[in-house]
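Take a look at the structure set out below.
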Amino acid sequence: MTEEELLARLLYRDGLMLVLDKPAGIPVHAGPGGGDNLESHFDGLRFGFPNPPSLAHRLDRDTAGCLVLGRHPKALRRLGILFQEGRVAKTYWAVVAGQPADNSGKIDLPLHKISDARRGWRMVVDRDNGQPSVTLWRVRGRGELPGIGPIAWLELNPKTGRTHQIRVHTQSLGCPVLGDPIYGGQPDGTGLPLHLLSRAITVPIQATKDPVTVTAPVPPHMRAALLACGWGDEDPSTLNPPPPPRPEPVSPVAGAASPAGAPQSARPAAGPPARSGKPGNAPSRGGGRRRPHP
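So the number in our numbering is just where the residue sits in the sequence shown, counting from 1, plus 41.
Here you go:
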């Protein structure tokens, strides 16, 4: 991934955090085998700060959508607390193979990591040894895909943040995420990518201000399945109307924390020039919008 490609995926930016539209198929950090990863490109996201941003949480390699970064140590600590305490609201979209019997529900199934030589590691439901894992879900549409059969478009709100939580929980409904090679959503010979999107995230990054909500656009590989389920398409430039332009915060000295009330600078979708209080901001595919926590 080039620096220009990464900058084009910047959805939101202020003095405390960035939100990227993570592409599917690339890990967020380096694995044991090396290879390309998002974290190795963060140096291009300093925007005048002395150090690159750091991951505030994780997304699976094949999951697309909203990924939050902290811009300096104080912000990263704040974000870590918010994620740990479950105060960050996360909304996922998934297209699943099959259709649930109900239209909504709550999945409360503890998850535990296991590993074996034949299949490698994976998460399983384990009521005795698993960690508490809770997901709310609802059906937003139903349809069919040629060669696949019945599918459903689900909106999911994980209340905990376990590895592969949504993938295992949808499997428990009898409807694994389409394209999932581990948990049963990969029909033989299809080679489909994982149809899972971190659609939106709401972060109360500043205690005295409204939470920041950012929405990621639908990735190309999910469009056909969502359209088959009744999704009405969208213009990515309309997802995150930017706030009024404000000056970019003064860059902190090395190791110092940015002021808690640092002003925000967010941009609209790719194409038009960035609307900001400071020239030279990188183009992006969306901006941020402050609104009350849902």
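Don't be surprised by glycine CBs; every beta carbon is placed ideally from N, CA and C. Since the structure is predicted, the reported quantities are computational estimates derived from the model, not experimental observations.
Assignment of L61 by DSSP, reduced to helix, strand and coil, places it in the strand class.
Judged by DSSP in its simplified three-state form, R183 adopts strand. Taking P114 as reference, the option from N78, R54, N92, R128 with the minimal CA-CA separation is N92. Pairing E80 with Y53, the inter-Cα distance amounts to about 17 Å. Here DSSP, grouped into helix, strand and coil, assigns M164 to strand. Looking from the CA of M58, the closest CA among L267, G273, A257, P245 belongs to P245.
Note that the segment 176 to 196 touches the segment 211 to 221; at least 3 beta-carbon pairs, one per stretch, sit closer than 8 Å. Straight through space, the alpha carbons of R181 and G146 are spaced by roughly 13 Å. Per DSSP, the unbroken alpha helix (DSSP H) holding I207 starts and ends at 206 to 213. R240 is a Cβ neighbour of Y133, given a cutoff of 9 Å.
D84 and G271 have their C-alpha atoms some 40 Å from each other. Q247 carries a coil assignment under DSSP once its states are collapsed to helix, strand and coil. Between the alpha carbons of D143 and G184 lies a distance of about 15 Å.
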